[in-house]
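If you read the protein sequences in the order shown, they are chains F and C.
Count the first sequence with the numbering used here and you get residues 1 to 207, in order.
Count the second sequence with the numbering used here and you get residues 1 to 254, in order.
Note that the Cβ used here is the ideal one computed from N, Cα and C, for glycine as well.
Written out below as structure tokens is the structure these notes cover.
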Amino acid sequence: MGSNPAIPTKGTGVRAVAVLGAETAVGAAVVAGLTGSGFAVRTVSDDDPIPGETGAVIDAGPLREPLTVGELVSLSNEEWAAVAEAPLRRALHVLQRAHQSLRGNGGRIVVLLPSLVMTGAAGVAAASAAAEGYRSLAKAAARAWGAERIAIQCVLVPTDINRPGLQPPALQSAPDLASVLAALLDPRLDLVTGLTLAADGGIWMTS
Amino acid sequence: MNDDTLNGKVVLVTGAGAGLGRSICVDLAQHGAAVVIAAPGTNGAETAQLVESYGVGRHVTADVTVAADLQRAVDTAVEDFGRLDGIVHNATSRYSSGVQAIDDITDEVWDDHVAVSLRGAYHCARAGFAALRESGGRFVLMTSPAGIEGSAGRPAYSAVKGAVRGLVKSLAVEWGPHGVTVVGVSPLAMTPAMADAYVADPLLERRLSELVPLGRVGDAATDVAPVVRFLLEDGSRYISGQTIVVDGGRFTTL
């Protein structure tokens, strides 16, 4: 493995990762897993700046509840705003703050999104709008910031959202999302950006 | 051309005052639909004039960011024509063609994109669901290549057009049991917004004509509106949850 000028990783002495949404179950598992693997993990709230020495930003915030609020036509305007519009605006602010942190040195941004919300399910239309909007915005950012050696990926993770009749995941081993994320921070993935990786055991295999 | 594949059907089109929305309205009327023309400005009346030279139209001054305006447009369809078979949500922010870096997006620009494209879709859904369920109708939402591949220069537009695609997927699952289909359409077409984009990026037209296998940017009236019409016809009743890409073969992706 050669050295990577973009991402401070294993062997360079700097493996600093900032995690947003660390209070979610997935976020907490990611923090524990990456810390156990030797990464220096800082948890960052939505209101705090992301530390400047960070090499990667992981956002588990989109996994915050509630994702399911009921059928779209039964939502109050306030519920719609809270589940669709506010998370999309948050996505913008997270990416802007991540850019502030990573610009100059490059780095990686990984956005965690709920798998079945992304592929469609009943009762989550507002959350689906926010999640797919975030993914599209992340791709826009990946295009804009590639010249700054900032790479951005989206990872789809399982949640308790269900779609009746759907086949179970092909792989049903306990998820180790931290390992997936560690792999995405590997310098050998230098050429990868704008990727969407379904780390859900293989629910849909349509791409 | 004046066949009647949409005879007896009633379709509401938002953003119908100009560009692609106007082309869709005219095409639908040419094929027998009664068209409710929802537009916030006076150009909706001009679309109505055009539509009425081919068929039946009703202009409703309606801002999609205002829920009551959409409800009034739906009520017009039901009260004047007795039904509503389809909604085409075509309205998009006046900032759609503006180039802006992610770090420089202002609240005004972001809010307008969200209000028109995304909240407007929500308002359409809320206002139209009962009538669409009654007719086994269609909800067609216009999205964009920017909502699929991301646009470095138009990130806010990318975000809301992607959000519309997310809405399409889950709403299709949600409304399927009610017999209502939900479909996205991603066009590459010459519209007033595209003309503005050409001005902002003088090399864009040449790049696109090189990239698109058919060698040109599509025409709103002859390349895109007929696809939207098809999605409102009986023959497309089994299409739902998809984004239909109408781009001359530009996307040949996984």
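Q) Roughly how many angstroms separate the alpha carbons of PRO5/F and ASP190/F, rounded to a whole number? A) Counting from 1 along the first sequence, the entry for residue 5/F is found at position 5. Counting from 1 along the first sequence, the entry for residue 190/F is found at position 190. Confidence at PRO5/F is low in this model, with a pLDDT of 43, below 50, so the placement of that residue should be treated as unreliable; the coordinate-derived value is given next. Cα to Cα, PRO5/F sits roughly 10 Å from ASP190/F.
Q: Residues of the stretch 60-85 of chain F with a CB closer than 7 Å to any CB of chain C: list them in chain order, please.
A: GLU71, LEU72, VAL73, TRP80, ALA84, GLU85
Q) Can you find a C-beta in chain C that's less than 8 Å from the C-beta of THR119/F? A) As a position in the first sequence, residue 119/F is number 119, starting the count at 1. At least one chain C Cβ lies under 8 Å of THR119/F.
Q) If you drop the 5 nearest sequence neighbours on each side, which residues of the same chain put their C-beta closer than 7 Å to that of VAL30/F? A) On the first sequence, position 30 is the one that residue 30/F refers to. Only VAL19, ILE58, ALA60, LEU177, ALA178, LEU181 meet the Cβ criterion.
Q: On a CA-only basis, which of ARG22/C, VAL246/C, GLY235/C, VAL99/C is nearest GLY137/C? Give me that one, please.
A: One-based indexing of the second sequence puts residue 137/C at position 137. Considering only alpha carbons, the answer is GLY235/C.
Q: Per DSSP, which residues does HIS89/C bridge with? Please list them.
A: For this step, residue 89/C is matched to residue 89 along the second sequence. Beta-bridge pairing links HIS89/C to LEU141/C.
Q) Quick one, which of SER186/C, ALA121/C, ILE239/C has its alpha-carbon nearest LEU20/C's? A) Within the second sequence, numbered from 1, the residue matching residue 20/C stands at position 20. Among SER186/C, ALA121/C, ILE239/C, the Cα nearest to that of LEU20/C belongs to SER186/C.
Q) Can you tell which of LEU232/C, LEU204/C, ALA45/C has the C-alpha that lies nearest to the C-alpha of ARG216/C? A) Working through the second sequence from its first residue, we reach residue 216/C at position 216. Among LEU232/C, LEU204/C, ALA45/C, the Cα nearest to that of ARG216/C is on LEU204/C.
Q. If you compare alpha carbons, which of SER136/F, ALA56/F, ASN77/F, ALA174/F is closest to ALA40/F?
A. In the first sequence, counting from the first residue as 1, residue 40/F sits at position 40. The residue with the shortest Cα to Cα distance from ALA40/F is ALA56/F.
Q. Under three-state DSSP, which class holds HIS123/C?
A. Counted from its first residue, the second sequence places residue 123/C at position 123. Helix at HIS123/C.
Q) How about PRO155/C: is its C-beta nearer than 8 Å to some C-beta of chain F? A) Stepping through the second sequence from its first residue, residue 155/C is reached at position 155. Yes, PRO155/C counts as interfacial toward chain F.
Q. Nearest chain F C-beta to GLY218/C closer than 8 Å, yes or no?
A. Along the second sequence, one-based indexing puts residue 218/C at 218. Cβ-Cβ to chain F under 8 Å: no for GLY218/C.
Q) Is there contact between the stretch 189-199 of chain C and the stretch 132-145 of chain F, where contact requires at least three CB pairs shorter than 8 Å? A) no
Q) Of all Cβ atoms in chain F, is any one closer than 8 Å to the Cβ of GLY105/C? A) Taking the second sequence and counting its residues from 1, one reaches residue 105/C at position 105. For the sequence presented, residue 105/C should be read as Ile rather than Gly. Yes, because at least one Cβ of chain F sits closer than 8 Å to the Cβ of ILE105/C.
Q: Enumerate in chain order the residues of its own chain whose CB-to-CB distance from GLN96/F is below 7 Å, with the five nearest sequence positions on each side excluded.
A: Here the question's residue 96/F lines up with position 96 in the first sequence. No residues qualify anywhere along the chain.
Q | Supposed contact pair ALA91/C and GLY15/C - C-beta distance, whole angstroms, cut 8 Å | A | Working through the second sequence from its first residue, we reach residue 15/C at position 15. Working through the second sequence from its first residue, we reach residue 91/C at position 91. Rounded, the Cβ-Cβ distance is 3 Å, consistent with contact.
Q: Indicate the three-state DSSP secondary structure (helix, strand or coil) for ASP48/F in the structure shown.
A: Indexing the first sequence from 1 puts residue 48/F at position 48. In the structure shown, ASP48/F sits in coil (DSSP, three-state: anything other than H, G, I, E or B).
Q. Tell me, which residues are paired with ARG163/F by DSSP?
A. Along the first sequence, read from residue 1 onward, the residue named residue 163/F stands at position 163. According to DSSP, which records beta bridges pairwise, ARG163/F is partnered with nothing at all.
Q. Do we get a CB-CB distance below 8 Å when we pair PHE129/C with the residues of chain F?
A. The count along the second sequence starts at 1 and reaches residue 129/C at position 129. At least one chain F Cβ lies under 8 Å of PHE129/C.
Q. Do you know how far the Cα of GLY218/C is from the Cα of THR68/F?
A. If you number the first sequence from 1, residue 68/F lands on position 68. If you number the second sequence from 1, residue 218/C lands on position 218. Taking the straight line joining both Cα atoms gives about 39 Å.
Q.
Just list the residues that DSSP pairs ALA151/F with in beta bridges.
A. Position 151 of the first sequence holds residue 151/F. Looking at the DSSP assignment, ALA151/F forms a beta bridge with ARG108/F.
Q: Tell me, please, which residues DSSP counts as bridged to GLY166/C.
A: Here residue 166/C is taken as the residue at index 166 of the second sequence, counted from 1. None, per the DSSP bridge assignment.
Q: Could you pull out every residue in the same chain whose Cβ sits closer than 6 Å to the Cβ of ILE109/F, ignoring the five residues on either side in sequence?
A: Numbered from its first residue, the first sequence carries residue 109/F at position 109. So the list reads VAL57, ALA98, ILE152, once near-sequence residues are dropped.
Q) Would a check of beta-carbon distances place TYR122/C closer than 8 Å to chain F? A) Stepping through the second sequence from its first residue, residue 122/C is reached at position 122. It does: the Cβ of TYR122/C has a partner Cβ on chain F nearer than 8 Å.
**Q.** Residues that VAL173/C contacts on chain F, provided the C-beta gap is smaller than 8 Å
**A.** Here residue 173/C refers to the residue found at position 173 of the second sequence. Under the 8 Å cutoff, chain F gives GLY120, ALA121, ALA122, ARG163.
Q | Chain-ordered neighbours of ILE102/C on chain F, where CB pairs are closer than 9 Å | A | If you number the second sequence from 1, residue 102/C lands on position 102. The contacting residues are LEU92, LEU95, GLN96, HIS99, LEU137, ALA140, ALA141, ALA144, TRP145.
Q) Is the beta carbon of ALA68/C sitting closer than 8 Å to the one on LEU12/C? A) The residue labelled residue 68/C in the question sits at position 68 within the second sequence. The residue labelled residue 12/C in the question sits at position 12 within the second sequence. No.
Q | Contact check, VAL26/C vs VAL51/C, beta carbons under 8 Å | A | The residue you call residue 26/C lines up with position 26 of the second sequence. The residue you call residue 51/C lines up with position 51 of the second sequence. Yes; because the gap between Cβ atoms is below 8 Å, this pair is in contact.
Q. Measuring CB to CB, does TYR95/C end up less than 8 Å from VAL109/C?
A. Position 95 of the second sequence, counting from 1, holds the residue named residue 95/C. Position 109 of the second sequence, counting from 1, holds the residue named residue 109/C. For TYR95/C and VAL109/C, yes; Cβs fall inside 8 Å.
Q. From ALA225/C, VAL99/C, LEU70/C, ARG126/C, pick the residue whose C-alpha is nearest to that of TYR157/C; which is it?
A. Looking up residue 157/C in the second sequence gives position 157. Checking every option, the nearest Cα to that of TYR157/C belongs to VAL99/C.
**Q.** Unbroken beta strand (DSSP E) run spanning PHE226/C, endpoints
**A.** For this step, residue 226/C is matched to residue 226 along the second sequence. Before going on, a small fix: residue 226/C reads as Pro here, not Phe. Run containing PRO226/C: none in the beta strand (DSSP E); it sits in the alpha helix (DSSP H), 225-230.
Q | Closest by C-alpha distance to SER37/F, when choosing among GLY202/F, ASP186/F, THR206/F, ARG64/F | A | Translated into positions along the first sequence, residue 37/F becomes position 37. The candidate whose alpha carbon is nearest that of SER37/F is ASP186/F.
Q. In whole angstroms, what is the alpha-carbon distance linking VAL73/F and GLU53/F?
A. The count along the first sequence starts at 1 and reaches residue 73/F at position 73. The count along the first sequence starts at 1 and reaches residue 53/F at position 53. Their backbone Cα atoms lie some 45 Å apart in a straight line.
Q. Would you call THR193/F buried or exposed, if buried means 16 or more other Cβ atoms sit within 10 Å of its Cβ?
A. Translated into positions along the first sequence, residue 193/F becomes position 193. That one is buried.
(Q) So that I know if they touch, is there some Cβ in chain C lying closer than 8 Å to that of LEU166/F? (A) Residue numbering aside, residue 166/F sits at position 166 when the first sequence is read from its first letter. By this cut-off, LEU166/F is not an interface position.
Q) GLN167/F: beta carbon under 7 Å from a heavy atom of the ligand PLP? A) The ligand PLP is not part of the structure shown, which contains no ligands of any sort.
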